[in-house]
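Taking the working numbering, the leading residue of the sequence shown gets 29, the next gets one more, and so forth.
Even for Gly, the Cβ is constructed at its ideal location relative to N, Cα and C.
Keep in mind it's a predicted model, so treat the numbers as computed, not measured.
Accompanying notes for the structure given below.
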Amino acid sequence: MITSGALLSVVVAGPALAAAASEVATFRLTAVVKTVCRLEFNGMSAPQSTDIVELGQLMQLCNSRSGYRVTMSHPANMGGATLVLGGQTIPLSNGNETVIVDENHAALRVSDAELHLNNAQAPLSSLSFRIEPKGAIF
29 MITSGALLSV VVAGPALAAA ASEVATFRLT AVVKTVCRLE FNGMSAPQST
79 DIVELGQLMQ LCNSRSGYRV TMSHPANMGG ATLVLGGQTI PLSNGNETVI
129 VDENHAALRV SDAELHLNNA QAPLSSLSFR IEPKGAIF
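Structure (structure tokens):
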């Protein structure tokens, strides 16, 4: 037999328990971080031959969600030369710049880099590399 006090506590507690079970909290966090793109060479060594220059490891970092582009500036008429980046051979243009990486997403990559001159003449001091984000910059 249920006493009236026990029945009363079930009736009073019932709605409170149902309300606690149906409460749902939603939390959304939105943040905008600064666009960061960085390019570094580590471990460049002296040329082993007159034709191959080991540039070392190229570290590419860019957090642009639309991707990024890496461009190599070099003297004109280096059309026979190639850059080997992470095992991929990239022919240099006859102009002053060659796009060596074109990504459509953010990335962090470390790749070995070698310049194969193939009889092209270029002082190493005339080479430069630049990384640029695509899309909106924050």
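When you compare only the Cα positions, how much space is there between Y96 and R137? As a first step, residue 96 must be located in the sequence shown, where it is residue number 68. As a first step, residue 137 must be located in the sequence shown, where it is residue number 109. Their Cα atoms are separated by approximately 12 Å.
In whole angstroms, what is the alpha-carbon distance linking E86 and T99? By one-based count along the sequence shown, residue 86 stands at place 58. By one-based count along the sequence shown, residue 99 stands at place 71. Looking at the sequence itself, residue 86 is Leu, so the reference to Glu does not match. Approximately 13 Å, taken between the alpha carbons.
Are the region 140-153 and the region 98-115 touching by the rule of at least three beta carbon pairs closer than 8 Å? Because the criterion of three Cβ pairs below 8 Å is met, the region 140-153 and the region 98-115 touch.
Check for me: the beta strand (DSSP E) holding D140 runs from which residue to which? The count along the sequence shown starts at 1 and reaches residue 140 at position 112. Unbroken beta strand (DSSP E) run through D140: A135 to H144.
Take L113 and list the residues in its own chain whose beta-carbon comes closer than 7 Å to its own, dropping the five residues that flank it on each side. Reading the sequence shown from its first residue, position 85 is the one you call residue 113. Excluding sequence positions up to five before and after L113, its CB lies within less than 7 Å of the CB of L86, I128, S139 and A141, all in the same chain and listed in chain order.
Can you list, in chain order, the residues of its chain with a C-beta nearer than 7 Å to that of K162? Leave out the 5 residues immediately preceding and following it. Locating residue 162 in the sequence shown gives position 134, counting from the first residue. Beyond the five residues adjoining it in sequence on each side, K162 comes within less than 7 Å, by CB distance, of S92, S94, G95, Y96 and R97 in the same chain, given in chain order.
Does DSSP classify L152 as helix, strand or coil? On the sequence shown, residue 152 is found 124 positions in, with the first residue counted as 1. Helix at L152.
Taking the continuous beta strand (DSSP E) assigned at E51, which residues delimit it? Working through the sequence shown from its first residue, we reach residue 51 at position 23. Segment: none, E51 is in no beta strand (DSSP E) and carries neither H nor E.
N-terminal and C-terminal residue of the beta strand (DSSP E) that G84 is part of: To locate residue 84, count along the sequence shown from 1; it is residue 56. Here the beta strand (DSSP E) through G84 covers I80 to C90.
In whole angstroms, what is the alpha-carbon distance linking D130 and F55? As a position in the sequence shown, residue 130 is number 102, starting the count at 1. As a position in the sequence shown, residue 55 is number 27, starting the count at 1. If you take the alpha carbons of D130 and F55, they lie about 36 Å apart.
Looking only at its chain, what residues have a beta carbon closer than 7 Å to the beta carbon of S156, apart from the 5 residues adjacent to it on each side? As a first step, residue 156 must be located in the sequence shown, where it is residue number 128. Excluding positions up to five away in sequence, the list reads S101.
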